[in-house]
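>
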Amino acid sequence: MKKVATYVVLASSLLGFGACNQSNSSGTSGADSTGTAAASDVQLNQLTNDPNAAAIRLYFTTKELSQTDSSIIYEARSLYKDDTVGLKVEVMKVIDAGIATDGTPDEDLGFKQGSFKFSSMGPATFKLLNALNELYKLNVGGPVSDKEIVPLTFSSNKEKVELSKSTSYNFKFFFNQAAGDAAEYFGVLDTYKKSFELTEKDSTNRAGFLHALTGK
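Under mature numbering (1 follows the signal peptide of the UniProt record, and there is no 0), residues -21 to -1, 1 to 195 are what the sequence shown spells out, in order.
Pasting the structure below:
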């Protein structure tokens, strides 16, 4: 199954990552982490600049909260209308490259469980769930899971990921849900711009992603 998923990653990467790497500049405002817009030293963009896109891209501004010996924990925040939305994202400081220098996938090194961990940051994450229900035209009820969400992650990079460097890294996530196939999303973590992006592979993955967020 992993081999199939690897080639899906490569076939989709040109479109997915090309869309993800464009900066979202639709409306900025300061906001706090409680879910209400307020004065802040961080300017937040709107969650998406094209809610009608075939594959909706979600844009977050990242702020480092803390570190462990092996990972960095970020607060990933954005605005949906006037509300702050977001979640916590824990990323391993070093992640192996998943693409060999000749462009072929390295299945053994590329796939990892635990490279990324997502978790709730309180009211802002519940508001993110509500925002995504509205954007996706779905009705997946909460609450957001109180457990860490740990997708299978493929590192779509030719070089080793090192968070100490100021650059951009590409990934593909497979979010498991209680029933049905894993929801597939492209991710971009930019340590220079201090941003994190998520783009669905296509609209059929939306419900699965929300089910993963709620643990259903």
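In this text, a Cβ means the ideal position worked out from N, Cα and C, and glycines have one as well.
1. Quick one: residues in its chain with C-beta nearer than 7 Å to the C-beta of S145, no 5 flanking neighbours on either side, listed in chain order?
2. Can you find the residues in the same chain that come closer than 6 Å, C-beta to C-beta, to G89, ignoring five residues on each side of it along the sequence?
3. Between A157 and F188, which are expected to be in contact by the criterion C-beta below 8 Å, what is the C-beta distance as a whole number of angstroms?
4. Please state whether DSSP places S19 in a helix, a strand or coil.
5. From what residue to what residue does the alpha helix (DSSP H) around A55 run?
6. Can you tell me where the beta strand (DSSP E) with E179 in it begins and where it stops?
7. For a quick check, are the C-beta atoms of A191 and N155 less than 9 Å apart?
8. Run through DSSP, which three-state label would P102 get?
9. Across which residues does DSSP place S134 in a beta bridge pair?
10. Locate the alpha helix (DSSP H) running through T27, then write down its first and last residues.
11. Would you decide whether A34 is buried or exposed? Buried here means 16 or more other CB atoms lie within 10 Å of its CB.
12. Just to check my reading of the structure: E69 and S99 have Cβ atoms closer than 8 Å, yes? What is that Cβ distance to the nearest angstrom?
13. Once the 5 residues before and after L(-12) are set aside, which same chain residues still bring their CB inside 7 Å of it?
Result, derived from the coordinates:
1. T170 and Y171
2. G77, F133 and S134
3. Their Cβ separation, rounded to whole angstroms, is 13 Å, which puts A157 and F188 out of contact at 8 Å.
4. Low local confidence applies: a pLDDT of 48 at S19 is under 50, so the model's placement there is unreliable, and no value is given.
5. Unbroken run through A55 is the beta strand (DSSP E), S50 to Y59; no alpha helix (DSSP H).
6. S174 to E179
7. yes
8. helix
9. F150
10. Where T27 is concerned, there is no enclosing alpha helix (DSSP H), given that its DSSP letter is neither H nor E.
11. buried
12. Wrong, their Cβ atoms sit about 12 Å apart, outside the cutoff.
13. For L(-12), the pLDDT reaches just 47, beneath the cut-off of 50, and the residue's location in the model is therefore unreliable, although a value from the coordinates is still provided. The residues are P84.
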